[in-house]
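Engineer: Everything in the sequence shown is counted per the UniProt record's numbering, starting at 1 for the first residue and increasing by one. Don't be surprised by glycine CBs; every beta carbon is placed ideally from N, CA and C.
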Amino acid sequence: MKKYHIGIEATMDVISGKWKPLLLCFIQTGVNRNSTLLAAIPELSQKVLSEQLSQLVHDGILERVSFPVVPPHVEYHLTDYGQSLTSILMELCHWGEGHVERLSQTEAVELETNL
């Protein structure tokens with residue numbers, strides 16, 4: 001039996017990882033194909049993208065939709081359960097925007113995009 005000390009530990013178990021929060025934010029705004037996700041996050045490799053998406057599908061956060069066309073077309077969408085993370089993710093985005101603004105007063109830092 002897996003035990004968590006507090007609720008945030010269970011949340012982080014699902015959304016932790018360098019790219020998962022970014023992927024979820026982009027997917028909730030309509031960037032939902034492998035190619036568009038890779039373009040949105042150039043530092044992300046195809047291998048890591050596939051692993052992170054598979055984990056999110058396994059955890060019930062994302063749904064993988066495959067279209068029977070050539071070349072293959074796959075999209076990812078938040079499930080109803082995944083939608084329940086939307087407000088949490090948006091709060092993290094807003095906090096990060098404020099943090100970057102604060103940092104920019106003393107060091108060279110910028111935010112590429114606001115969601």
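When you compare the CB positions of Leu89 and Leu24, do they come within less than 7 Å of one another, or not?
Structural biologist: Looking up residue 89 in the sequence shown gives position 89. Looking up residue 24 in the sequence shown gives position 24. Yes, the pair counts as a contact, with Cβ atoms nearer than the cut-off.
Engineer: If the criterion is Cβ atoms closer than 7 Å, does the pair Tyr76 and Leu49 meet it?
Structural biologist: Position 76 of the sequence shown, counting from 1, holds the residue named residue 76. Position 49 of the sequence shown, counting from 1, holds the residue named residue 49. Not a contact, by the Cβ cut-off of 7 Å.
Engineer: Give me the residue from Glu63, Ser104 and Glu9 with the minimum Cα distance to Arg33.
Structural biologist: Sequence index remark: in the sequence shown, residue 33 carries index 33 (1-based). Closest option to Arg33, Cα to Cα, is Glu63.
Engineer: According to DSSP, simplified to helix, strand and coil, what is Ser104?
Structural biologist: Your numbering for residue 104 matches position 104 in the sequence shown. Reduced to three states, the DSSP call for Ser104 is coil.
Engineer: So what does Glu75 bridge to, in DSSP terms?
Structural biologist: On the sequence shown, position 75 is the one that residue 75 refers to. In the DSSP output, where bridge partners are listed per residue, Glu75 has Arg33 and Val65.
Engineer: Here's a check: name, in chain order, each residue in its chain whose Cβ is nearer than 7 Å to the Cβ of Gln105, leaving out the five neighbours to either side.
Structural biologist: As a position in the sequence shown, residue 105 is number 105, starting the count at 1. Around Gln105: no qualifying Cβ.
Engineer: Taking the Cβ atom as the reference point for each residue, do Ile6 and Leu22 lie within a distance shorter than 7 Å?
Structural biologist: The residue you call residue 6 lines up with position 6 of the sequence shown. The residue you call residue 22 lines up with position 22 of the sequence shown. No, Cβ-Cβ distance for Ile6 and Leu22 is not below 7 Å.
Engineer: Could you pull out every residue in the same chain whose Cβ sits closer than 7 Å to the Cβ of Leu103, ignoring the five residues on either side in sequence?
Structural biologist: Position 103 of the sequence shown, counted from the first residue, corresponds to residue 103. Around Leu103: Val109.
Engineer: To which residues of the same chain is Thr79 closer than 7 Å at the C-beta, ignoring the five residues directly before and after it?
Structural biologist: By one-based count along the sequence shown, residue 79 stands at place 79. These residues qualify, in order along the chain: Gly60, Ile61, Leu62 and Glu63.
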